Structure formats: C-alpha cells, structure tokens
Amino acid sequence: MTKKVFIETYGCQMNVYDSELVKSILTDNKFAITPIEDQADIVMLNTCSVRDNANRKIYNRVHEIKQKKADSLIGILGCMATNFKTDLLDKKGLKIDFIAGPDSYKTLPTLLSSLLKTGEKQYDVTLSEFETYSDISPSRKDGINAWIAIMRGCNNFCTFCVVPYTRGRERSRDPFNIVEEVKQLVKEGYKQVTLLGQNVNSYKSDDYDFTDLVKMVSDVEGIERIRYTSPHPKDYPEKLIKLMTERDNICNQIHMPLQAGNDRILHKMNRTYTKQEFLDLVKQIRSINPKMALSTDIILGFPTETEEEFQDTIDVVKQVEFDSAFIFKYSERPNTRAAMKFPDDVSEETKKDRIIRLNDIQNEISLKKNEALIGSTQEVLIEELKTKKSENEIQGRTDCNRIVILDKNDEKIGDKVFCKIIGASRNVLKGIVR
Ligand code: SAH
Ligand code: SF4
Ligand code: F3S
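Just so you know, the sequence shown maps onto residues 453 to 886 in this note's numbering.
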C-alpha cells in the first residue's frame with residue numbers, strides 16, 4: 453500500500469524550498485503526500501538549528517507525534533540532521549526512525565524502503581560539494597511567489613553561525629537551468645520569483661555572477677517581480693544596484709544583514725566589514741536609488757559585547773532607518789568558532805534588555821516610515837483573498853515588500869492594483885483601490 457507522508461517545515465525559506473523538493477522526490481517514488489498529520493504513516497520534520505529554541509521545539513514535537521500515534525514513523529530532515537547526526541537517533545527518550553541532511557534527499561526513497569523492510573533506523577547526513585537538485589522540479593504550493601534556490605551551502609563561516617556546518621560548501625546552479633525554471637513558472641502562472649542563497653553575491657557559475665543571473669531572470673518574458681535573499685554587505689556590487697534601478701521587474705528591496713554595528717564585534721563575528729563600510733554601502737545604495745527599501749538581521753549580546761558597543765548597533769539602526777529588522781539574542785551553537793573561542797558571557801538579562809530596547813527603537817522607525825506613505829499611491833500585487841483578521845479584506849505587497857490590506861472587491865490573486873494609502877501601523881498599510 454502507498455505510504456502517506458506528512459512534512460512539517462521549520463527555519464528559513466531554504467527549508468521551505470527543500471520541503472518542496474522532498475515532496476517531488478517522494479511522489480516520483482511511489483509515496484503520497486498528505487496535508488493531514490493524522491492520516492500520515494510517516495512524519496518528516498524539516499528542521500532548523502540556527503538558534504537553540506529551534507531544537508527544543510522539535511524535541512517536543514517528536515514526543516507529541518508519538519503520543520498521538522505510536523506507530524507513526526518519524527524522520528528528521530534539514531539542519532538538525534547534519535548538526536547532530538546519529539546522536540539524534542541515539543538520544544535517550546527520543547523516538548526518531550530516520551534522519552536525512554539537506555544534501556541527502558534523493559536517497560530518501562531508499563532510506564524509507566529499508567526502514568519499512570527491516571525496521572532498522574536509517575540515516576544519511578553526508579554533505580556534497582556538487583548536489584544542487586537542478587534536475588528536480590519542486591512540488592510548489594499554489595500562489596504568486598515561487599522560491600528558487602540558486603545556490604546551496606555557505607563558505608563565510610561567520611563565527612556564530614551553524615549554517616556552513618549544516619549545509620556544507622557553497623555551490624551554484626547553472627544560470628540557464630535557473631532561467632528555464634523561471635520560464636516554466638511563468639507558464640504555470642507565478643508572477644514573482646525570489647532567488648535564494650545564504651550569500652547570493654557569491655553566486656558564480658562559469659563566467660556568470662549574481663548580477664548576470666538577475667539580468668537573465670529579469671529578461672524572462674512575463675515575470676513581473678523578482679526578489680532575492682540574502683546578500684552579504686562585504687561584497688555588494690554597484691552594478692546590481694544599478695540593474696535593480698533600471699529594471700521595473702526587479703523589486704526595490706534589499707534584505708542585508710548587519711548583525712552588529714561595532715567594529716570589534718564585527719571582527720570577532722568574522723563579518724569582514726566595518727560599521728563605516730556598512731554605512732557607506734547604504735549611502736551608495738540610496739544615492740543610486742532613493743526608493744530602495746532596506747531590511748536587516750541583527751544579533752545582540754554576542755560574547756563580550758559591552759553596552760558601549762551595543763550603542764554602535766543602535767547608532768547604525770538610527771542612522772540607516774531600516775524599513776524592518778529581525779533582531780535576535782545571541783545563541784551559542786556548539787562547534788562553531790564562537791562557541792569554541794568565546795564564552796557566552798553576556799547574561800540572559802542583558803540580552804533581554806537590549807532586545808527590548810532595540811525593538812522599541814526599530815518599531816518607532818518602522819511606524820514612522822509607514823506613516824510617511826499615507827496619502828501616496830502604491831501598486832499592490834494581490835497575494836491573499838483574506839487576512840488574518842477578516843474574510844472581507846484582502847492583502848498584497850508593494851514593490852518595496854510592504855503589506856497592504858484592502859477591502860474585498862472582485863480582485864483575484866495575482867492582480868496588480870493601484871491604491872491610495874489611508875492608514876498605517878508598523879507592520880502593515882491600509883489602502884483603498886483607486
Ligand atoms: N545567510 C544568511 C543568514 C542565515 S541565518 C545571511 O547571512 O544573510 C539568519 C539569521 O539568523 C542571521 O542573519 C543571523 O542574524 C541569525 N543567526 C545566525 N546564527 C545565530 C546565532 N548563533 N544566534 C543568534 N542569531 C543567529
Ligand atoms: Fe551564516 Fe554568515 Fe553564512 Fe549567513 S553568511 S549563512 S550568517 S555563515
Ligand atoms: Fe535555514 Fe535554519 Fe538551516 S536558518 S539554513 S534551516 S539552520
């Protein structure tokens with residue numbers, strides 16, 4: 453009988469993309485995917501290891517699944533698989549039947565067959581220098597945006613980060629193969645693609661760099677919006693800012709992680725840029741394209757960070773005025789260089805205090821920036837025919853990635869409408885169709 457698989461995804465968009473790959477690999481190999489957990493014979497959790505609370509959530513989920521249905525087979529995919537390897541299978545009190553890392557998904561059908569045949573725990577956590585899954589077409593959810601992994605792995609080794617260990621070395625997909633995928637997506641009705649990589653500016657395939665790739669994607673007939681995430685501030689090319697400014701279908705939005713604003717901390721993080729270099733880059737981006745929306749990631753309480761050094765991060769946040777920021781407390785990851793060299797010596801209390809203060813500052817900036825848009829006209833691509841709060845409202849995004857809520861009329865998903873902004877909170881805008 454065909455076995456039914458339920459997949460739950462945690463972590464970043466790369467994992468969302470990978471779950472789509474896994475679905476495609478499994479359905480091509482006589483497994484079925486079910487959206488209903490209770491109907492599944494096999495439950496796969498595609499996991500994240502980037503911060504500590506990510507692990508704990510998964511352990512709780514495994515217990516919960518086994519409690520609900522004792523004969524479910526449970527597998528751990530993703531970054532926890534390569535981070536903890538077979539320790540996961542040996543962990544006392546945790547009933548996990550198989551694990552597969554981010555480069556091992558093509559072996560899943562074989563792993564599952566062996567597991568079903570023998571009842572023995574299975575694993576494959578080898579990392580590859582070559583696997584890009586360019587021959588697999590992900591089984592995507594309907595919508596207007598399609599994620600496309602253009603590269604895998606990371607070579608940057610920021611000292612706090614587990615990703616280079618869980619996802620292995622950097623490798624890029626062939627640009628022509630990516631363009632073919634985009635053409636196919638347009639045929640299927642997708643309006644937007646988001647190009648994904650841990651550091652997209654390191655994309656390199658033969659003589660093609662990231663700017664060349666974005667240009668090739670932008671040339672695809674019918675693609676209305678192109679976004680990408682994330683670039684690293686150390687090597688952001690001017691020609692890419694210019695290309696984004698020239699082309700209507702490349703969105704005026706950049707997510708560029710700052711991590712910290714103090715030079716000593718940035719150096720200890722191995723980020724390889726200084727506060728001034730980051731500020732200069734922002735200045736350069738805005739002088740070429742004043743409309744460019746900027747968002748960022750920040751880590752607080754990195755080992756030895758003093759109050760004075762934290763003030764440098766506040767200073768950058770205030771000077772740049774990001775449209776939005778994801779702010780995290782430093783979480784020590786075993787075996788990273790930071791964990792081995794620098795004791796996690798900033799107290800939880802201090803981290804909490806800093807995150808509250810910085811969030812307050814950023815929230816005020818986000819609100820101010822959204823309020824400044826009241827009265828303006830924005831082009832919105834409709835993404836959902838309801839909102840979290842109401843069935844009578846719809847929502848979409850502006851080119852700069854701001855969410856706009858509109859009253860429901862007869863718009864369809866994928867329509868582009870012009871609307872006047874009549875209200876703003878820090879996260880969303882309210883508009884009326886013109
Ligand atoms: N490759 C991406 C980041 C992937 S991880 C990039 O460099 O843009 C996403 C974010 O998680 C990072 O930008 C960082 O802010 C945060 N992060 C990573 N490791 C962390 C850790 N050990 N503790 C707290 N936050 C962390
Ligand atoms: Fe982690 Fe740094 Fe690579 Fe981003 S660039 S995935 S933060 S090591
Ligand atoms: Fe993504 Fe988490 Fe792995 S952020 S790369 S799923 S550690």
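Here a beta-carbon is modelled for each residue, glycine too, at the ideal position from N, C-alpha and C. The model shown is predicted, which means the values in this text are computed figures rather than measured ones.
- If you ignore the 5 residues before and after Ser586, its C-beta comes within less than 6 Å of the C-beta of Arg625, Asn629, all in its own chain and listed in chain order.
- The beta carbon of Arg806 sits closer than 7 Å to the beta carbons of Leu752, Gly753, Phe762 from its chain, once the five residues preceding and following it are set aside; these are given in chain order.
- Counting only unbroken stretches of 4 or more residues, no alpha helix (DSSP H) element lies wholly within the segment 664-697.
- Ordered by chain, the residues meeting the criterion of a beta-carbon within less than 6 Å of a non-hydrogen atom of ligand 3 are Gly463, Cys464, Met466, Asn467, Cys500, Ser501, Val502, Gly530, Cys531, Val614, Val615, Thr618, Arg619.
- Across the set Gln728, Val832, Thr681, the C-alpha of Val832 shows the shortest separation from the C-alpha of Glu863.
- Contact between the segment 647-660 and the segment 678-697 is present, with at least three C-beta pairs closer than 8 Å.
- Within the same chain, Ser524, Ile526, Lys547 come within 8 Å of Lys518 by CB-CB distance, once the 5 residues on both sides are set aside.
- One alpha carbon belongs to Val495, the other to Val457, and they sit about 6 Å apart.
- As a beta-bridge residue in DSSP terms, Ala601 pairs with Leu648.
- Along the length of the segment 574-630, whole alpha helix (DSSP H) runs at least 4 residues long occupy 615-619, reported in chain order.
- In the three-state reduction of the DSSP assignment, Val468 falls in the helix class.
- In the three-state scheme derived from DSSP, where H, G and I count as helix and E and B as strand, Asn507 is classed as helix.
- In this structure, Cys703 sits near Asp851, with a CB-CB distance shorter than 9 Å.
- Boundaries for Val502: no alpha helix (DSSP H) harbours it, and the DSSP string shows neither H nor E there.
- Taking non-hydrogen atoms of ligand 1 into account, the C-beta of Gln814 is found less than 8 Å away from none of them.
- Around the CB of Glu757, 16 or more other CB atoms lie within 10 Å, so the residue is classed as buried.
- According to the DSSP secondary-structure assignment, Phe778 is paired through a beta bridge with Asp749.
- For Thr578, the closest of Arg508, Tyr617, Ser591, Lys743 by C-alpha to C-alpha distance is Tyr617.
- Taking every protein chain shown into account, the CB of Glu472 has 16 or more other CB atoms within 10 angstroms, so this residue is buried.
- For the options Phe536, Ala745, Ile596, Phe794, the alpha carbon positioned closest to that of Ala777 is the one of Ala745.
- Here the alpha carbon of Thr748 sits roughly 13 Å from the alpha carbon of Tyr680.
- Distance between Glu673 and Leu560, taken at the CA atoms: about 36 Å.
- Taking 9 Å as the cut-off, the beta carbon of Ile551 is found closer than this to the beta carbon of Asp576.
- DSSP, reduced to helix, strand and coil, places Val798 outside both helices and strands of the structure shown, so it counts as coil.
- Looking at the backbone, the Cα of Asn844 and that of Asp867 are separated by about 17 Å.
- Under a 10 Å Cβ-count criterion, Asp797 is classified as exposed, with fewer than 16 other Cβ atoms of the shown protein chains found around its own Cβ.
- Nearest in C-alpha terms to Val645, of all of Asp658, Val631, Phe483, Lys656, is Val631.
- Check the Cα spacing between Asn879 and each of Pro627, Asn815, Arg886, Ser842: the tightest is with Asn815.
- Classified as buried, Gly530 has 16 or more neighbouring CB atoms from the shown chains inside 10 Å of its CB.
- Counting along the chain, Cys531 sits inside the alpha helix (DSSP H) bounded by residues 531-536.
- Checking the 8 Å criterion, the Cβ of Ser682 is within range of a heavy atom belonging to ligand 2.
- The alpha carbon of Lys691 has as its nearest neighbour, out of Gly463, Thr663, Val615, Gly883, the alpha carbon of Thr663.
- Separation of Phe730 and Val615 (C-alpha to C-alpha, rounded to the nearest whole angstrom) is 23 Å.
- In this model, Phe780 and Met453 are separated by some 46 Å (Cα to Cα).
- Here the distance from the Cβ of Phe778 to the nearest heavy atom of ligand 2 is not below 8 Å.
- The alpha-carbon of Asn507 is positioned some 13 Å away from that of His515.
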